[in-house]
Amino acid sequence: MKNICVIGTGYVGLVTGTCFADLGNRVVCVDINEEKIASLRAGKMPIYEPGLEEMVERNVRAGRLFFTTSYEEGLDGAEFVFIAVGTPSGVDGEADLRYVRMAAEEIARTMKAPLIIINKSTVPVGTGDWVADIISRNQPKPIEFAVVSNPEFLREGNAISDFLNPDRVVLGSLNKEAAEKVAQLHLALRAPIMVTDLRTAEMIKYASNAFLATRISFINEIAAICEELGADVKEVAAGMGYDKRIGRYFLDAGLGYGGSCFPKDVLALEHMALVHGTHPALLRAVMDINRDQRRKVIRRLRSELGGLRDCVVGLLGLAFKPNTDDMREAPAVEIAHLLRNEGAIVKGYDPVAMPVAARELPEVRLAKDPYDLAEGCDAIVVCTEWNEFRHLDMQRVKRAMRRPVLYDGRNIYDPVAMTELGFRYFGVGRPVPNAHKDKPDIVTPALPSGV
Ligand code: UGA
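All you need for our numbering is the position in the sequence shown, starting with 1, plus 31.
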């Protein structure tokens, strides 16, 4: 059993702390937000994450997991402190490090014994060295410490299983002894542990997120080409995925990536590249394609409905992905704003994100279920691929609509079945049934003149 302190009770901090407690350690989670700590103490989770509430309750009951607003309490007896605070986008796209700085200063002022400071927040390359500098400058008297970078790769909605079954654990530190101790903490996870230097570890996190975002924009670009040529991007992705060098993950075409990580991290990496004089052309294209995935919806609906003024559009799913109530950078949010700008009336439904939606999207009329959403709609846009949407009575949905336009932004329905039901169906990168029936299967490319 080790004594661990975790600063920040957002997704990463709360899951990290709870899982380390579940592995048998004594963990104190610190957050400066009193309301959050009070509700955690009352057993109420600040986020929706399957399995988290039960795990928190179990470990609190076992006397291994504690919540406090006090750094003194958190650091009392701790050998390790994880920094897991937010790093939102700053005005220029750079990562805003104010919370990391505040945490580092507070740790420096409070620590009474040697400490290993582990940074889990996604931070620009070089932040580990900066944190070390802050600690040294703010300690009332010198006490030994080491800074280790340990980027987190968990996904919202899958956070506990991702934490407990990681593909790898990355540790960055030039202090071998500290890295070794942090490695020991992770041994129970039975995952490959890679030890490297601080800056490289920090870059591994950005490069991983940017690469996954690139795969998504790549398949979305292929989807756009598929649409024009009458190919089906779902099959294309499946066919590509059999190649072990490519793999089948993160090749789902749709409305583009959202959430609190990919948009912010790709932008921050672009910013780092620009500041240091490189030309991040690919990252720009990735962001550009992502933006266009949402605008395409508007263009399509505008042309299908003959303008959007006073049209009623229902957004099926509001969270940025299933199994979360998180709506940060969710496609639904941007689509709702674009529709409203063109004078449309927007309705919305989500199985879990309704309370968040009521706050974030006051201009959207919230429906009580998918059928209520469909009532009077001129079009429905599937924004989130919640499982329960796959099993709706689509006949009933169609009957409730004023015009049966269905934009399946997550490719969850079968285009042929939907067309047979009488929908005007549009997927992302999927042929509109019958639209290409007159085109020959093999098109002889036109030869350049002079050949
Ligand atoms: C992502 C990474 O997957 C995690 O490894 C990382 O730890 C996390 O960011 C982070 O930096 O904290 P997350 O944002 O929770 O996790 O969500 P993902 O499941 O990765 O999905 C991101 C977005 O990509 C979603 O909007 C999803 O709809 C979209 N997506 C994903 C696609 O459009 N197509 C795909 O094939 C896969």
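Ideal Cβ placement from N, Cα and C applies to all residues, glycine included. None of the values given here were measured: they were computed from a predicted structure.
Asked                                                                                           : Found
Buried or exposed by the 16-neighbour rule on C-beta atoms within 10 Å, applied to H422         : exposed
Distance cut-off 7 Å: L349 Cβ against heavy atoms of the ligand UGA                             : no
C-alpha gap between G41 and D160, whole angstroms                                               : 24 Å
Extent of the continuous beta strand (DSSP E) to which G345 belongs                             : 343–347
Residue burial classification, G289 (beta-carbon count within 10 angstroms, cutoff 16)          : buried
G278: CB within 7 Å of a non-hydrogen atom of the ligand UGA                                    : no
Alpha-carbon to alpha-carbon, E416 and N196                                                     : 24 Å
Exposure of L334, with buried meaning 16 or more beta-carbon neighbours within 10 Å             : One detail in the question is off: residue 334 reads as Ser in this sequence, not Leu. Under this definition S334 is an exposed residue.
Proximal residues to E406 (C-beta, below 7 Å), its chain only, five neighbours per side dropped : A431
Member of N181, K352, F293, F113 whose CA lies at the smallest distance from the CA of N189     : K352
Minimum C-alpha distance to N34 - residue among V43, A398, V59                                  : V59
Stretch pair the segment 363–372 + the segment 398–405: three plus CB contacts closer than 8 Å  : no
From R315, L346, A268, residue whose alpha carbon lies closest to that of R485                  : The shown model of the chain, from 32 to 482, leaves out residue 485, and the question about it has no answer.
Residue range of the unbroken beta strand (DSSP E) whose run includes S180                      : 176–180
I277 versus C257: straight-line alpha-carbon distance, rounded                                  : 19 Å
Nearest-angstrom beta carbon gap, C414 and G440 [assumed within contact, 8 Å]                   : 6 Å
Closest residue to F113 among F51, E211, I78 (Cα-Cα distance)                                   : F51
Beta-carbon proximity check, V61 vs T99, cutoff 8 Å                                             : yes
Heavy atom of the ligand UGA within 7 Å of K352 beta-carbon                                     : yes
Pair within 8 Å by beta-carbon distance, T158 and E233                                          : yes
As assigned by DSSP and simplified to three states, the class of A73                            : coil
Own chain residues within Cβ distance below 6 Å of R95, not counting five before or after       : A52, R57
Exposure of E183, with buried meaning 16 or more beta-carbon neighbours within 10 Å             : buried
Beta-carbon gap between L282 and R246 smaller than 8 Å                                          : yes
Beta carbon of K378 nearer than 8 Å to that of L404                                             : yes
Cα-Cα separation between A384 and T355, rounded to whole angstroms                              : 7 Å
Rounded straight-line distance, which links the Cα of L185 to that of A115                      : 13 Å
DSSP three-state assignment for R421, whether helix, strand or coil                             : helix
Where the alpha helix (DSSP H) through A139 begins and ends                                     : 129–141
Assigned secondary structure, V156 (DSSP; H/G/I helix, E/B strand, else coil)                   : coil
Short Cβ contact (8 Å threshold) for V264 with M225                                             : no
Cα-Cα separation between R322 and L437, rounded to whole angstroms                              : 21 Å
Beta-carbon proximity of A135 to I165, cut-off 8 Å                                              : yes
Among T153, P145, G55, the one whose alpha carbon lies nearest that of A126                     : T153
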